[in-house]
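Okay, so here's the structure we're looking at.
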Amino acid sequence: MTVPQQRTADRTAASGAIDFTVMYATHDAFRRDLSRLAAATAEGRAVTAGVRAGWENFQHQLHVHHTVEDAELWPRVERAVAHRPADLALMREMEEEHARLGPLLEAVDHALSGSSSGSGAGTGDRPPADLPERVRELADVLGAHMRHEEQSALPLIQEVLTPKDWAAFRGGMARAQGPRGAAGYIPWILDGIGAEDRRAFLAAMPAPVAVVNRLFLAGRYRRRDYWGS
Ligand SMILES: [Fe+2]
141 MTVPQQRTAD RTAASGAIDF TVMYATHDAF RRDLSRLAAA TAEGRAVTAG
191 VRAGWENFQH QLHVHHTVED AELWPRVERA VAHRPADLAL MREMEEEHAR
241 LGPLLEAVDH ALSGSSSGSG AGTGDRPPAD LPERVRELAD VLGAHMRHEE
291 QSALPLIQEV LTPKDWAAFR GGMARAQGPR GAAGYIPWIL DGIGAEDRRA
341 FLAAMPAPVA VVNRLFLAGR YRRRDYWGS
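Residues in the sequence shown are numbered consecutively from 141, following the numbering used here.
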């Protein structure tokens with residue numbers, strides 16, 4: 141699970157350390173989405189417009205998150221630990237774990253489309269019988285990867301990178317999202333979040349974000365009815 145003292149913005153800001161609030165909030169949003177997908181699957185409503193929309197958004201958010209980590213974060217750490225083989229190996233594991241998710245995402249996508257080639261292939265609005273297993277597999281592998289990142293990679297990043305490096309990584313993330321992507325990302329993170337995590341996340345974002353979200357983004361996000369919830 142997550143490490144409480146690394147989640148709060150105030151404490152890290154005061155110590156001059158890197159603030160991982162946004163990273164944890166993003167990981168938590170991935171966990172939340174996969175438990176909603178598992179619930180929809182268990183309740184027999186996986187083949188609905190809301191679940192399809194939630195799944196498309198989940199895939200998009202995960203793609204942006206991992207692409208930018210691969211391009212902007214791990215290489216920075218690799219340069220900082222160039223003479224530390226164990227730490228270099230950890231960075232390779234991060235990249236490999238990202239790559240391993242590709243076929244698992246595809247398998248869920250095919251199953252949700254009712255196009256699984258396995259024995260349990262679905263018809264019409266009934267998903268293939270193997271959908272729960274595919275969802276569980278994805279949740280297990282992504283969950284293990286995020287735990288690995290939180291328990292091993294983030295402490296290494298805290299040790300070898302600076303808040304300036306981290307700001308550059310977050311800048312890369314913002315560029316990859318673009319203004320439209322950010323408009324979807326913010327309410328997606330805040331969907332169902334606890335009060336303390338909400339306060340910490342908004343404190344880690346530029347000041348107008350809370351108001352813009354309340355006035356515009358949250359309503360637009362709700363109308364998309366992700367996961368039919
Ligand atoms: Fe991450």
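Yeah, the Cβ is synthetic: ideal placement off N, Cα and C, and Gly gets one too.
Secondary structure of R276 (DSSP, three-state): helix. H203 and L342 have their C-alpha atoms some 23 Å from each other. Those residues having their beta-carbon less than 7 Å away from any non-hydrogen atom of ligand 1 are, in chain order, M163, T166, H167, H205, E209, M286 and E289. Taking a contact to require three or more Cβ pairs closer than 8 Å, the stretch 287–301 and the stretch 311–322 do not qualify as touching.
For S253, there are no CB contacts under 8 Å within the same chain when 5 residues up- and downstream are skipped. About 5 Å separates the beta carbon of I329 from that of A165, a gap short enough to meet the 8 Å contact definition. With 16 or more other Cβ atoms inside 10 Å of its own Cβ, Q201 counts as buried. Per the C-alpha coordinates, the member of R338, W367, R310 and R363 positioned closest to V208 is R310. Assigned with DSSP and collapsed to three states, R266 falls in strand. Counting only the Cα atoms, A157 lies some 38 Å from D365.
Between E277 and L244 a beta carbon distance of about 6 Å is seen, short of the 8 Å cut, so the two are scored as contacting. Excluding the 5 residues flanking it on each side, A220 has same chain C-beta neighbours closer than 7 Å at V300 and L301, in chain order. In this structure, S175 sits away from L230, with a CB-CB distance that is not shorter than 8 Å. F160 carries a coil assignment under DSSP once its states are collapsed to helix, strand and coil.
By the neighbour-count criterion, in which 16 or more other beta carbons inside 10 Å mark a residue as buried, P225 falls on the exposed side.
If you check the CB distance, A180 and V191 come in under 8 Å.
For D173, the closest C-alpha among the options A322, D331 and V349 is that of D331. When G312, A222, P346 and F198 are compared, the shortest CA-CA separation from L213 is found for G312.
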